[in-house]
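Here's the structure we're looking at; comments come further down.
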Amino acid sequence: VQLVESGGGLVQAGGSLRLSCAISGNIFSLTVMGWYRQAPGKQRELVASITSGGSTNYADSVKGRFTITRDNAKRTVYLQMNSLRPEDTAVYYCRLIRTDTGNDYWGQGTQVTVSS
155 VQLVESGGGL
165 VQAGGSLRLS
175 CAISGNIFSL
185 TVMGWYRQAP
195 GKQRELVASI
205 TSGGSTNYAD
215 SVKGRFTITR
225 DNAKRTVYLQ
235 MNSLRPEDTA
245 VYYCRLIRTD
255 TGNDYWGQGT
265 QVTVSS
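Residue numbers 155 to 270, in this note's numbering, belong to the letters of the sequence shown in order.
In structure tokens:
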């Protein structure tokens, strides 16, 4: 299983970015997908997650600004980030959790930088 993230970059405060995470392998329907982030000197934290049935969960700090979605046909999960703030600056990682085995996989990360 491989996860490939894309869509990071530099944006001004108040701007938007959309991250994508494409998954190889034929297990997408058996997964919980999550976006995590890690800022310098801080622990990695959960940003948002989505189950195979579409149930979502968000960190309080991003509620109302970020939206996680998934396209099962394309085996891709997205994170739409609006109203970005400098404190959103971090490396964002995609994570896949197999609901049948409990195994998890991580992407390589994509940098998001929000300037003030």
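Virtual Cβ for every residue (Gly too), placed ideally from N, Cα, C.
1) What residue does the beta strand (DSSP E) around ASN257 start on, and which one ends it?
2) State the beta-bridge partners of ARG198 as determined by DSSP.
3) Please specify which runs of the alpha helix (DSSP H), each continuous and at least 4 residues long, are wholly inside the region 211-270, giving them in chain order.
4) Would you be able to state if there are at least three C-beta pairs under 8 Å between the region 237-254 and the region 178-188?
5) Please report how far the alpha carbon of GLN265 lies from the alpha carbon of SER215, in whole angstroms.
6) By the three-class DSSP mapping on this structure, what secondary structure does SER203 have?
7) Apart from the five residues on each side of it in sequence, which residues of its chain come closer than 6 Å, Cβ to Cβ, to THR267?
8) If you draw a straight line from the alpha carbon of ILE251 to that of ASP258, how long is it in whole angstroms?
9) Measure the C-alpha to C-alpha separation of SER183 and LEU157 and round it to an integer number of angstroms.
10) With burial defined as no fewer than 16 other Cβ atoms inside 10 Å of the residue's Cβ, what is the status of GLY208: buried or exposed?
This is what the structure gives:
1) Segment: none, ASN257 is in no beta strand (DSSP E) and carries neither H nor E.
2) BP columns for ARG198 are empty, so no partner.
3) none
4) yes
5) 18 Å
6) strand
7) LEU164 and THR243
8) 4 Å
9) 15 Å
10) exposed
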